[in-house]
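**Q** If you scroll down you'll find the structure; I have some questions about it.
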Amino acid sequence: MAELHITVDDLTSIKGRTVLITGCSSGIGNATLQLCHQLGANIIAGDLIPLSEDLLNTPNLLFAKTDVTDWHSIRALFIAGHQRFGQIDHVFANAGIKPTRVFLDATLDADGLLAPPDLATINVNFLGVINTVRLAMYYLRQGSVDPKSHSIVLSASASAFQNFPAPDYCTAKHGVVGLLHGLTGELESTLRINAIAPSWTASGIVIREVVEMLGAEVQDPEVVARSVLKLFVDVDRHGEMLYSWNGRFFEINKAPGGLLDSAARLLPDTVSEDEIMTKLVGVVAAVEGEQAVNGS
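In our numbering, the protein residues as written are 1 to 296.
Okay, here's the thing in structure tokens:
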């Protein structure tokens, strides 16, 4: 894996750019907002929990109460932000909540029958990301001159590529990585998309003292925020995932020995599913185009 060294001085080109962040009132989202503010970016901020008064009075910041699982709510944030600043350059799809302890347990309803699973974590941590990405793909292309200068960063997790005994949270984060892999090729020439995958990070979800007592290192959210901005400003990064652990950064998706490379070495030496699917999409598009011309 390729280790990166990221300092605040590497991120100063974010100044004057407009960044939209969901889940901005605490943890990694708030640390990213604070760093963007420190470096002079315009900020569109959405969360169910209000920001502090000092931030709300900042002239280059727009906050709106936002539920990422509600299409009209998250769409309103994009509309308001685009109207306020005239463009959106980067989007951080970050809003998330903690796992549900009884996700697939045999809980019963009032009639004594098996109740449906609680999908709150999956709805916020995955479906909310899909809502955000759909809007980002639309608004980032409005008036864009250089596709590489606009990007989406997804909030994945170290739980997205290993066993992790929180099935709803783990499923959602695996879905986020799947979204990254599914869109990397599609967005190649129009937008950049990347993801972060932090290890234990102090936040509203992770209680530092408890995790450290169990023997793990817990990093500050400000560390992870640097990885988000690195993916914003580095125009050569696309389809990558930055893993952060104890203040260190590694690209683990496209790098030699990373996820894609390791998977390729495990599989038979044949044409990849990615290559075949890319060609298949092209064939289908050509056929549909011909049918449209012929009216069939």
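Glycine included, every Cβ here is placed at the ideal spot set by N, Cα and C. Since this is a predicted model, take the numbers as computed values, not measurements.
(1) May I have the straight-line CA-CA distance separating Leu266 from Leu259, to the nearest angstrom?
(2) Once DSSP output is grouped into helix, strand and coil, what is the label at Ser151?
(3) Quick check: Thr201 and Val218, are their CB atoms within less than 8 Å of each other?
(4) So is Ile49 buried or exposed if we call it buried at 16+ other beta carbons inside 10 Å?
(5) Taking the beta carbon of Pro116 as the centre, do at least 16 other beta carbons fall within 10 Å, making it buried, or is it exposed?
(6) Which of the three DSSP states is assigned to Leu180 in this structure?
(7) Candidates Pro99, Asp10, Trp71: which alpha carbon is nearest Pro165's?
(8) Less than 6 Å between C-beta atoms, sequence neighbours within five positions excluded: which residues of the same chain meet that for Thr190?
(9) Would you call the CB atoms of Val224 and Ala31 closer than 8 Å?
(10) Could you name the residues of the same chain whose beta carbon sits closer than 6 Å to that of Phe85, not counting the 5 residues immediately before and after it, in chain order?
(11) With DSSP as the reference, label Asp47 as helix, strand or coil.
(12) Can you give me the start and stop residues for the beta strand (DSSP E) that Phe85 sits inside?
(13) Hey, which unbroken runs of the beta strand (DSSP E) at 3 residues or more fall wholly within the segment 248-276?
**A** Here's the rundown:
(1) Counting from 1 along the sequence shown, the entry for residue 266 is found at position 266. Counting from 1 along the sequence shown, the entry for residue 259 is found at position 259. The straight-line gap from Cα to Cα measures roughly 11 Å.
(2) Within the sequence shown, the letter at position 151 stands for residue 151. Here Ser151 sits in strand by DSSP.
(3) The residue you call residue 201 lines up with position 201 of the sequence shown. The residue you call residue 218 lines up with position 218 of the sequence shown. Yes.
(4) The residue you call residue 49 lines up with position 49 of the sequence shown. With fewer than 16 Cβ atoms within 10 Å of its Cβ, Ile49 is classed as exposed.
(5) The count along the sequence shown starts at 1 and reaches residue 116 at position 116. Its Cβ having fewer than 16 others within 10 Å, Pro116 is exposed.
(6) On the sequence shown, position 180 is the one that residue 180 refers to. Note: Leu180 maps to helix in three-state DSSP.
(7) Here residue 165 is taken as the residue at index 165 of the sequence shown, counted from 1. Nearest of Pro99, Asp10, Trp71 to Pro165, Cα basis: Pro99.
(8) Along the sequence shown, read from residue 1 onward, the residue named residue 190 stands at position 190. These residues qualify, in order along the chain: Pro147.
(9) If you number the sequence shown from 1, residue 224 lands on position 224. If you number the sequence shown from 1, residue 31 lands on position 31. In contact: Val224 and Ala31 (Cβ atoms closer than 8 Å).
(10) Residue mapping note: residue 85 aligns to position 85 of the sequence shown, counting from 1. Thr18, Asn42, listed in sequence order.
(11) The count along the sequence shown starts at 1 and reaches residue 47 at position 47. Asp47 falls in the strand class under three-state DSSP.
(12) Sequence index remark: in the sequence shown, residue 85 carries index 85 (1-based). Where Phe85 is concerned, there is no enclosing beta strand (DSSP E), although the alpha helix (DSSP H) it sits in stretches over 71-85.
(13) 248-251
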